[in-house]
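Presented below is the structure to which this report refers.
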Amino acid sequence: MRRLLCVITLICIAGPNAGWAHAFGQRYDLPLPLGFYLAGAGLTVALTFLGSILFLSAEEGIRHSVSVRIPTRLSRIVGPLFRTMALLVLALIMATALFGPVPPTQNFSNIFVWVIWWVGFVLFTALVIDLWSSLNPFATIIDAILDCFQPRQNLIPPEWIDWLAVIGLIFLSWIELVSDWSESPRAMALLIALYTLGLFFGSIWFGRKAWFRSADPLTQLFSLLGRLAPISLRNNRLEIRLPTSGLIGHSMTVSQSVFVVTLIAIVLFDGISETPIWSAILQWITESHALRPWLLALREHGVDLLKLIRSIGLICTILIAWLLYTSLSLAIWWAAGRSISHTNIFTGFAASLLPIAVAYHLAHYVFFLALAGQLIVPALSDPFDLGWTLLGDNRGMIEVGIMTAEDVWWISIIALVTGHALSVLLAHIEAGRLFASRRQAVLSQLPTMLFMVTLTSFSLWVLSQPVVE
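Counting in the working numbering, the final residue of the sequence shown is number 1731, and the numbers go up one at a time with none missing.
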């Protein structure tokens, strides 16, 4: 997906603007040294922790919501209508992936999936409302197919099935960040077909509800993100609540907790791969006398070394994130006096990390969404490269200056500080739920506060590199 952005940028800025750094129109010179911003962001998170201890004593007010019942007649019309629209969009994605233009910057399927859906719709789900759970076109297709079969019902799935969602998320991130498949419309069609087949056979064997709820990474992703949103839609009722309040009291399994940590690690890796740290790693690998014979042998056997290194880097980043969160949960367990099981702590505080995942997603991809999102109009205007102008002749009309490096910098600061602050508040509320005494709850959050302050400063540094360097 990032290579798609690079292509767009080169097309848009070739010529007199070729000196643009990291896909931005200019390097943003900070009015103050970068360290001031990193320290300020960390201090803000620390003050949030202090404020939560002093002033946040109960969760009842935070969980307050207003519920509005949707008329049955309206839901019977709107629900099928929007599900049909979702099916039509999926059909257009498949059609353009198979028969549309080959360049990814012109193909509707690539632009819609990786820009509008994977970036924009994910943010919409977390910041507004979860519509995927109601409109999921794959679920609609599977339900229609299963009407012709007799899938297993009310089956209790094995515990290991939950880990398939984690594996699926890692594979999806590998497709996006490492492989060339994300740039090929034909590969997109194949991946969608294989994903649908996987849903079908999984639903046949384990039951539709069990498979979607436990093993499908997309269902799990949007279900979790939807708990952050201020609007919830379920059982023909529209619930308006405070953002992130849907996470309070939400019980998670170990695999779901690992799923959340993996989300953060994936976006962090994408950011780290644009920093001097990653450049230094690549330089060390290429100059290593010990590794050179192995690298040459792999290249002779047709191995793409850059993809191999990025694959290893992605997996290592995920493993390090798992290790860090496990260490944090152990520190919380020890600081609170080891009064409850470590597993309860590991699963209890994982949900509080979701605002960080969304903050990283917003800060890292906001420029990509603003720039590449404009390509959806010309792609939809002529989806099959037949010379159509359904929406007018919009070719070449990409507004590169729609967002500056300064805009991205301040959006990153606000998003990261807000995300970490919300995570601190959620962790404080969860500590009050888990531990019997207020003293234990406060002590348990000292490691969390140190971790969040460090993570805020580090993540802001990572995201600052393409902007200020």
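Note that beta-carbon positions come from the ideal geometry of N, C-alpha and C, so glycine has one too.
Residue i in three-state terms, based on DSSP
i: I1602; result: coil
i: L1434; result: helix
i: E1501; result: strand
i: G1654; result: strand
i: I1404; result: helix
i: I1391; result: strand
i: A1285; result: Any answer about A1285 is weak, because its pLDDT of 43 lies below 50 and its placement is not dependable; what the coordinates show is given next. Coil at A1285, not helix or strand.
i: F1370; result: helix
i: E1549; result: helix
i: C1410; result: coil
i: P1555; result: helix
i: S1573; result: helix
i: P1295; result: coil
i: F1317; result: helix
i: P1365; result: coil
i: A1477; result: coil
i: I1510; result: coil
i: P1538; result: helix
i: E1661; result: coil
i: D1442; result: coil
i: L1490; result: coil
i: F1611; result: coil
i: L1568; result: helix
i: F1383; result: helix
First and last residue of the uninterrupted beta strand (DSSP E) at residue i
i: V1328; result: S1327 to R1331
i: I1493; result: I1493 to R1496
Assumed close pair residue i, residue j - CB separation to whole angstroms, cut-off 8 Å
i: L1432; j: I1580; result: Looking at the sequence itself, residue 1432 is Ile, so the reference to Leu does not match. Contact holds; Cβ gap of about 7 Å.
i: G1599; j: Q1702; result: 6 Å
i: I1437; j: L1637; result: That belief does not hold up - the Cβ atoms of I1437 and L1637 are roughly 20 Å apart, past 8 Å.
i: L1385; j: H1623; result: 7 Å
i: I1547; j: I1571; result: 6 Å
i: V1628; j: I1673; result: 5 Å
i: I1332; j: L1568; result: Not really, about 51 Å apart at Cβ, beyond 8 Å.
i: S1314; j: I1502; result: Incorrect: roughly 24 Å between the Cβ atoms, too far for contact.
i: T1387; j: W1394; result: 6 Å
Cutoff 7 Å; reference residue i; Cβ partners in own chain excluding five residues on either side
i: I1407; result: F1462
i: V1307; result: V1679, H1682, A1683, V1686, M1714, V1715 and T1718
i: G1362; result: N1369, F1370, S1371, P1447, P1645, F1646 and D1647
i: S1519; result: F1608, T1609 and A1612
i: E1661; result: Q1636
i: L1300; result: S1719, L1722 and W1723
i: F1521; result: A1427, V1428, L1431 and Q1482
Neighbourhood of residue i by C-beta, 6 Å cutoff - its chain only, sequence neighbours within 5 removed
i: A1632; result: I1664 and M1665
i: A1359; result: S1371, P1447, M1450 and A1451
i: P1479; result: A1427, G1430 and L1431
i: I1528; result: S1435
i: A1619; result: L1525 and I1526
i: T1710; result: A1689
i: S1476; result: P1419, I1423 and D1424
Residue closest to residue i, alpha-carbon to alpha-carbon, out of the options
i: I1534; options: L1504, L1576 and L1389; result: L1576
i: M1356; options: P1645, L1684 and L1305; result: P1645
i: F1400; options: L1637, M1347 and E1536; result: M1347
i: I1403; options: L1439, W1379 and R1345; result: R1345
i: F1697; options: W1596, L1712 and I1378; result: W1596
i: G1297; options: I1675, T1458, L1389 and H1326; result: I1675
i: N1369; options: W1671, A1634, L1585 and Q1545; result: A1634
i: S1589; options: A1612, V1364 and A1353; result: A1612
i: T1506; options: L1616, Y1622 and L1725; result: L1616
i: L1349; options: G1362, P1295, V1628 and D1405; result: D1405
i: T1458; options: L1553, N1398, L1500 and P1555; result: N1398
i: V1390; options: G1488, L1567, I1510 and F1629; result: G1488
i: E1445; options: W1380, P1640, P1365 and D1655; result: P1365
i: D1392; options: V1375, P1492, D1409 and I1466; result: P1492
i: F1531; options: G1508, S1573 and E1562; result: S1573
i: L1514; options: L1490, R1499 and L1486; result: Note that residue 1514 is Met in the sequence shown, not Leu. Nearest option by C-alpha distance: L1486.
i: A1621; options: L1544, L1722, G1464 and G1469; result: L1722
i: I1376; options: L1439, F1317 and E1421; result: First, the residue type needs correcting, since residue 1376 is Trp and not Ile in the sequence shown. W1376 has its Cα closest to that of L1439, out of L1439, F1317 and E1421.
i: V1670; options: A1593, F1630 and F1311; result: F1630
i: I1582; options: A1593, S1601, V1523 and A1693; result: V1523
Residue span of the alpha helix (DSSP H) that contains residue i, given as start and end
i: H1682; result: A1667 to L1696
i: Q1518; result: V1516 to I1534
i: G1341; result: T1334 to F1361
i: F1448; result: The sequence as given places Arg at residue 1448; Phe does not occur at that position. Per DSSP, R1448 belongs to the alpha helix (DSSP H) from P1447 to F1468.
i: A1634; result: L1616 to A1634
i: L1642; result: I1638 to S1643
Other residues of its chain near residue i: CB distance less than 8 Å, five sequence neighbours each side excluded
i: S1396; result: G1341, F1344, R1345 and L1495
i: T1651; result: S1643 and D1644
i: R1335; result: none
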